[in-house]
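Heads up: the protein sequence lines correspond to chains A and B, in order.
Taking this note's numbering, I'd label the letters of the first sequence as residues 10 to 468.
Taking this note's numbering, I'd label the letters of the second sequence as residues 10 to 468.
There are 2 protein chains.
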Amino acid sequence: MNDIIKHLEEDRDRALAQLVEFLSIPSISAEPAHAEDVNRCAHYLAELLKADGFQTSVEQTGGHPAVVAKRIESDTLPTLLLYGHYDVQPAKMADGWKTEPFAPVVIDGKIHARGATDDKGQLFCHIMAARAHLKARGKLPVNLVMLIEGEEESGSDNLDSFIDANMELLSADAVIISDTAQYGGGQPALTYGLRGLCYLEVGITGPNRDLHSGSFGGAVQNPANALTKILGQLVDDSGRVNIPGFYADVIPLEQWERDEWAALGHDAEGLARELGVETLFGETGYTTLERMWARPTLDINGLYSGYSGKGAKTVLPAKAGAKLSCRLVSGQDPDKIATLIEARLKNLLPPGLTMEVVRLHGAKPVLLPTDGIYVESAKEALETAWGKAPVMIREGGSIPVVETFANKLGAPVVLMGFGRPDDRAHGPDEKMHLEDIFMGAEAVARFLELVAIVDGKRK
Amino acid sequence: MNDIIKHLEEDRDRALAQLVEFLSIPSISAEPAHAEDVNRCAHYLAELLKADGFQTSVEQTGGHPAVVAKRIESDTLPTLLLYGHYDVQPAKMADGWKTEPFAPVVIDGKIHARGATDDKGQLFCHIMAARAHLKARGKLPVNLVMLIEGEEESGSDNLDSFIDANMELLSADAVIISDTAQYGGGQPALTYGLRGLCYLEVGITGPNRDLHSGSFGGAVQNPANALTKILGQLVDDSGRVNIPGFYADVIPLEQWERDEWAALGHDAEGLARELGVETLFGETGYTTLERMWARPTLDINGLYSGYSGKGAKTVLPAKAGAKLSCRLVSGQDPDKIATLIEARLKNLLPPGLTMEVVRLHGAKPVLLPTDGIYVESAKEALETAWGKAPVMIREGGSIPVVETFANKLGAPVVLMGFGRPDDRAHGPDEKMHLEDIFMGAEAVARFLELVAIVDGKRK
């Protein structure tokens, strides 16, 4: 590998200059005014990968285009699918940025720009790694297909249909994604679990119009009173979701997971300070990390009823509503949970009111393999690059595409993140440490070599 | 009285024509664009009363003017204070009116216009009654002071200070107000009780910013979850307010009240149908009328937290809030109740959250005398005019000025309403039956005669 590492190091300045160009394009997928920038960014990326030796195309999806880059070395080599995204979250100085979000600058060894870590910077680790292999040896150790979409930050609305229409192109032995993070700076991690989601809206209707609370107060069920009484019973004082059957399918945490996470020395007091709360709170019997990563929740995401302007309006509201969602963990099915929640809500409804429940969104939880050649190779690559063994962690959020790939391609998915949890993805002053970019590139370069298995043997 | 009744009948057409003019002026006090109309209406009214023989003035209040009309006949006669208002609620065709709200028309014996019953039409009964006395006999049987304000529908912001500044002018032996209603068409009523109000806003804050419900769900108290849990405990399943001490000062309903109201044959099923609910609901052990008129309540008037737009946003909100208010009954003090509610709310707050409670509005409940010369005279006057004895009722809402008069003037207040509950005050197609206007005028004319007591004897 020394030849490849040497090329990686020699390429640093040029790669960084290109990353600055890449980050300068405001490819904000959610803002129609930036549609042309998104398109320009796709073409910039395709040209860059073409120059490196990939067969590239900018694919129309119905929304913003996806960039596909492909290099097939040999039928006998395994094929890797890299998924990433070149679009970014909105950003403007008024949000509190200290530097222009689309004028990247390096300060104290960190590159500051929207997309620095999510996901342009992490994506660049893969580009640098592939380039080093190609420069040093004229070829890749595996076949590599890159699918880099332009709508991740605006809902990936066209991704599923694009994948469905391109199953042959995308079929791979494994999928690798670098859109997560290290556990903390200097502590590399592989993410093997993501929570799912079951998101509902509940609306309660009482009288056929808003009533005067003086004239009618005491005569009818108040839908806002009823809503609070119903929702207030869904989570008990110990933080446990109080819905019959809710925990029935939960795959319990294994002892090794609890041990490994406990050894991370998570600073709960520091988190409480950072969030500005006197104390954290959650299901009794689990640590904060366990609760955030591997236990299901029920959170109210929105409440609305009656009058919420300034001052007093004596209305007895005709309607009250809430958005609520459960984060789900492995074993739980979003549709089944939605049915349980709906049954519980309706069961708690008193007479004199009607209720409507709408299912807004669902995502299956994901538990990826924690062993096998791809995971083992990723561990080894990270350990060599960082000088420290990675930890196996989960994440509390959902990345729907992971479930899509795991399900549709039936291939192992490796979530190898190089950024840090405090890199401020989606926030002002997003950044990525240059050392993380370089170590990430090295890790990918080593990973490609390690997974180049032919006939059960490393090449 | 025959001479006076004859004059009343002869004056009908002219009075009705004047009422149409009065109703044609869009004196909408809440809408700045109508400020000149409000002013014009005050002057119209002052001129009309001057022509009838009153000493009138349009008094500046800091807001819309008040009309004061005065006729002192003799030091030996009792002095009555009539309170009413010439301003009206907003109204436009787009709200669902069948006829132009400020182009009064008589259809099927009812005059349709904004203000028809609230309060221009009811006020006109007094004008017609006084005029009949003056035409028939050249004088009134009592001294009469009218205070007709122009801000009742926009909060009476300047009324208290105007009263304070004019205590001598307004001092009276009794106050009469016609801004309530009959119990139902054909069943006259005197209203002797009004509920009070204690209106609060509660805000709960958790983390210092909205969090991603995936990354942080399970780590912290969700303020929306906590708000529902807290508010959901404030009223029990039997409709009783679950706040320690809440009922301690409540003056219980007397048996005569319960008997008299039961005899009214209130149609609870009809009310449920009209409100579009399957069943009514309220505190166990009380009839619907008792609950609406004479039992305290706790209603949530507004809820707000997190995301309430279309679709799903996975936010764990930093804040959640509610507006809530209690209707209070005789014996209960708004400040004391606010203190009890606040203590209960704070007592239910779990660790990890902070709470702010703001007191937005309070009004004392009112229980007026149900006997004495003024009430007895009102009963007799109504019975003669309607051919049916009035019932003694209460109302669920608050009319703050009643408490102000009862308190500041120390005089009995008679609430004698001539409209009907279904006259659609504040709604589209507001109306008043002409027969109610004429019977109301007759009742007032008789009332003036009946209360003209000198040296303990009717004149």
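Using N, Cα and C, we set each Cβ at its ideal position, and we do this for glycine too.
From a predicted model like this one, the values you see are computed outputs, not experimental measurements.
Nearest CA to the CA of residue i: which residue from the options?
i: PHE31/B; options: LEU17/B, LEU54/B and ASN48/B; result: LEU54/B
i: HIS135/A; options: GLY72/A, LEU206/A, ALA198/A and ARG455/A; result: ARG455/A
i: LEU273/B; options: ALA398/B, ARG433/B and HIS121/B; result: ALA398/B
i: LEU168/B; options: VAL410/B, ASP380/B, GLN341/B and GLY405/B; result: VAL410/B
i: ASP166/B; options: PRO74/B, GLY194/B and HIS121/B; result: PRO74/B
i: ARG49/A; options: GLU177/A, SER33/A, GLU444/A and HIS442/A; result: SER33/A
i: GLY330/A; options: LYS388/B, ARG336/B, PRO374/B and GLY315/B; result: GLY315/B
i: LEU58/B; options: LEU220/B, GLN69/B and ARG80/B; result: ARG80/B
i: ARG403/A; options: PRO430/A, GLU389/A and GLY381/A; result: PRO430/A
i: GLY405/B; options: ALA303/B, ASP104/B and LYS355/B; result: ALA303/B
i: TRP270/B; options: LEU284/B, GLU299/B and TYR256/B; result: GLU299/B
Output needed for residue i: all residues of its chain with C-beta closer than 6 Å, excluding positions within five of it in sequence on either side, in chain order.
i: ASP188/B; result: ASP128
i: ALA491/A; result: Residue 491/A cannot be examined here, being either before or after the span of chain A that is shown, 10 to 468.
i: CYS377/A; result: The question names Cys, yet the displayed sequence has Leu at residue 377/A. Excluding sequence neighbours, LEU377/A sits near TYR201 and VAL422.
i: ASP258/B; result: GLY340 and GLN341
i: SER247/A; result: THR293
DSSP three-state label for residue i, please.
i: ASP169/B; result: helix
i: TYR383/A; result: helix
i: LEU333/A; result: strand
i: ARG49/B; result: helix
i: LYS322/A; result: coil
i: GLU365/B; result: strand
i: ASN356/B; result: helix
i: ALA272/B; result: coil
i: ASN11/B; result: helix
i: THR200/B; result: strand
i: THR297/A; result: helix
i: HIS435/A; result: coil
i: SER222/A; result: helix
i: SER247/A; result: coil
i: GLU287/B; result: coil
i: VAL463/B; result: strand
i: GLU263/A; result: coil
i: ILE34/A; result: coil
i: GLY426/A; result: strand
i: THR237/B; result: helix
Skipping 5 residues on each side, what residues in its chain have a beta carbon closer than 7 Å to that of residue i?
i: PHE225/A; result: LEU325
i: VAL244/A; result: VAL250, ASN251 and LEU307
i: ALA181/B; result: THR88, LEU89, LEU90, VAL154, LEU418 and ALA420
i: VAL114/A; result: THR108 and HIS121
Just to confirm before moving on: does the CB-CB distance between residue i and residue j stay below 7 Å?
i: ALA352/A; j: LEU289/B; result: no
i: SER334/B; j: LEU240/B; result: no
i: ASP159/A; j: SER38/A; result: Here residue 159/A is Gly; the residue named in the question, Asp, does not match the sequence. The answer is yes: Cβ separation under 7 Å.
i: ILE120/B; j: MET441/B; result: yes
i: TRP395/B; j: PRO197/B; result: yes
i: GLU458/B; j: PRO150/B; result: yes
i: LEU156/A; j: VAL77/A; result: yes
i: ASP438/B; j: TRP106/B; result: yes
i: PRO216/B; j: ALA327/B; result: yes
i: ASP12/A; j: VAL47/A; result: no
i: TYR313/A; j: SER222/B; result: no
i: TYR92/B; j: ILE213/B; result: no
i: ARG204/B; j: PRO374/B; result: yes
i: ALA390/A; j: ARG368/A; result: no
i: PRO305/B; j: ARG336/B; result: yes
i: PHE414/A; j: GLN131/A; result: no
i: VAL460/A; j: THR85/A; result: no
Output needed for residue i: all residues of its chain with C-beta closer than 8 Å, excluding positions within five of it in sequence on either side, in chain order.
i: ASP20/B; result: MET137, ARG140, ALA141 and LYS144
i: LYS15/B; result: ALA145
i: LEU17/A; result: MET137, ALA138, ALA141, PHE447, ALA450, GLU451 and ALA454
i: ALA281/A; result: GLU287, THR288 and LEU289
i: GLY195/A; result: TRP395 and LYS397
Problem - Inside the region 383–418 of chain A only - alpha helix (DSSP H) runs reaching at least 4 residues - result: Given a length threshold of 4 residues, each whole run of the alpha helix (DSSP H) inside the region 383–418 of chain A is given here in chain order: 409–417.
Problem - Runs of alpha helix (DSSP H) wholly within the region 123–194 of chain B (minimum 4 residues, chain order) - result: For secondary structure counted as the alpha helix (DSSP H) over 4 or more consecutive residues, the region 123–194 of chain B holds these complete runs in sequence order: 129–146, 168–174 and 176–179.
Exercise for the section: Could you pull out every unbroken alpha helix (DSSP H) segment of at least 4 residues lying fully inside the region 37–96 of chain B, listed in chain order? Expected result: Along the region 37–96 of chain B, the alpha helix (DSSP H) occurs as fully enclosed runs of 4 or more residues at 44–61, listed in sequence order.
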